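Data block below; observations after.
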Amino acid sequence: MKISANVIFGSIVAIILLFMIFWMVSIQTTTDYDQTKHTLDNEKVKQIDPTLALSVKRGKELFLNNSCSSCHRVHSRHSILTNIKERREMKWLIQYIKDEQILINQKDIDVIALNAEWNSNTSEHYNPNLSESDVKDILNYVDGY
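According to our numbering, the sequence shown is numbered sequentially starting from 683.
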């Protein structure tokens, strides 16, 4: 039985291809790939801290129970509340939500500008029953989480 050069060459190519396939599989399985952080489209999944998720849930309940939703819309494309924590200081936001009148009495220029923009002459925000933690929960909810 005579072996031709084509058979020998074909066998060598087949062995090399098999080696390359095993090598490629070993490279892909040894990379640091965490399935819990990726979707099938290989996009990262946004993972929320359980404490933040609880805060957002409490914030939603407080937002609805304190009639905030009668004036404010959340999670809409043009909501004034979107990214509010990035645009204002936390201390100011807490005071504004708990008792806006104090800021009006101090002639706070941001409150005056907001009231002028919304044609308001009175304090719309008066929630003395809310704690600082409650306000932070509401802000976590409205801030797009």
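Note that CB positions come from ideal geometry on N, CA and C, so glycine has one too.
Remember, predicted model here, so these are calculated numbers, not experimental data.
- A residue is called buried once 16 or more other Cβ atoms fall within 10 Å of its Cβ, and N765, having fewer, is exposed.
- In the displayed model, D781 falls within a strand according to three-state DSSP.
- A distance of 8 Å or more separates the beta carbons of I820 and L734.
- Only residues of its own chain outside the window of five on either side were considered, and among them K780 and D781 have a CB closer than 7 Å to the CB of P810, listed in chain order.
- Counting along the chain, P810 sits inside no alpha helix (DSSP H), nor does DSSP assign it H or E at all.
- Taking C-alpha positions only, F704 is separated from I730 by approximately 38 Å.
- Sorting C753, Q788, L736 and V817 by C-alpha distance to the C-alpha of K767 places V817 at the top.
- Taking the CA atoms as reference points, H807 sits about 59 Å from I709.
- In this structure, DSSP gives E768 a helical state, which the three-state scheme calls helix.
- In its chain, beyond the 5 residues on either side, V756 and L763 have a beta carbon closer than 6 Å to the beta carbon of V824.
- Residues I766, K767, V817 and L821 of the same chain have their beta carbon placed closer than 8 Å to that of L775, with the five preceding and five following residues left out of the count.
- In the structure shown, C750 falls within a helical segment according to DSSP collapsed to helix, strand and coil.
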